[in-house]
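Structure record follows, encoded as structure tokens.
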Amino acid sequence: MKRLLMMLVLGVGFGVVQSQDSKSFYDLKALTIDGKELHFSSLKGKKVLIVNTASRCGLTSQYEKLETLYQKYRNDKFVILGFPSNNFLNQEPGTNKEIMEFCRLNYGVSFQMMSKISVKGDDVHPVYQWLTTKEKNGVMDSDVKWNFQKYLISENGRLVKVVRPKEDPFSDEIVGWIEN
């Protein structure tokens, strides 16, 4: 009984204790598209949708719905972080400046765009290492399948779900998560 109680307190065998190299979502940081450091600790208490983006993809029109979603819910402690990446068929070849101009001119994007990164492979950015590795996020492993894959992070900094690239930003799954 004493051993069981100690196991419960320590979380041994129940997946509570994370590995030494795991970090909280709030320990992460990344550069915004204009080169400023964004500490994710500033996002505490907000629901965060993270999406990898590309300007020359068949799904690029999702920028418009993502912006509409952001405008509708941003006052409800909801943010979107767009991470441009060129990991899929060279569909995001532009510079940060070109990407931001494209997003603003074509889709009126006002949600936070981040600096272009790699979301898979040997040079994957630490944010995407955390998103895709159960050992780091404590929830699940995942692969980034294509541009516009969405990761939902709770207001407590916990990975909630991975939403496939083709899923509409206004799907019941995403809107339901924001509203609950």
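Numbering (our numbering), first residue to last: 513 to 692.
Virtual Cβ for every residue (Gly too), placed ideally from N, Cα, C.
All values derive from a computational prediction rather than experimental measurement.
Residue span of the beta strand (DSSP E) that contains residue i, given as start and end
| i | result |
| --- | --- |
| residue 638 | Segment 638-644 is the alpha helix (DSSP H) holding residue 638; no beta strand (DSSP E) there. |
| residue 674 | 671-675 |
| residue 604 | Here residue 604 belongs to no beta strand (DSSP E), and DSSP marks it neither H nor E. |
| residue 665 | 662-665 |
Nearest residue (CA-CA) to residue i, options the options
| i | options | result |
| --- | --- | --- |
| residue 561 | 612, 611, 648 and 623 | 623 |
| residue 652 | 667, 668 and 674 | 674 |
| residue 599 | 662, 636 and 610 | 636 |
| residue 539 | 641, 682 and 573 | 641 |
Alpha helix (DSSP H) segment containing residue i, residue limits
| i | result |
| --- | --- |
| residue 576 | 574-585 |
Counterpart residues of residue i in DSSP-defined beta bridges
| i | result |
| --- | --- |
| residue 679 | Answer by DSSP bridge pairing: none, since residue 679 is not bridged. |
| residue 611 | None; residue 611 has no bridge partner. |
| residue 591 | 560 |
Inter-residue Cα distance where the pair is residue i and residue j
| i | j | result |
| --- | --- | --- |
| residue 690 | residue 584 | 11 angstroms |
| residue 577 | residue 634 | 31 angstroms |
| residue 643 | residue 546 | 23 angstroms |
| residue 514 | residue 650 | Residue confidence is low: residue 514 scores 48 on pLDDT, short of 50, so the model does not pin down where it sits. Its coordinate-derived value is still stated next. Taking the straight line from one Cα to the other gives about 27 angstroms. |
| residue 668 | residue 535 | 14 angstroms |
| residue 531 | residue 597 | Because residue 531 carries a pLDDT of 42, less than 50, the predicted location of this residue cannot be relied on, and the following value inherits that uncertainty. If you take the alpha carbons of residue 531 and residue 597, they lie about 28 angstroms apart. |
| residue 542 | residue 616 | 21 angstroms |
| residue 573 | residue 563 | 13 angstroms |
| residue 655 | residue 567 | 21 angstroms |
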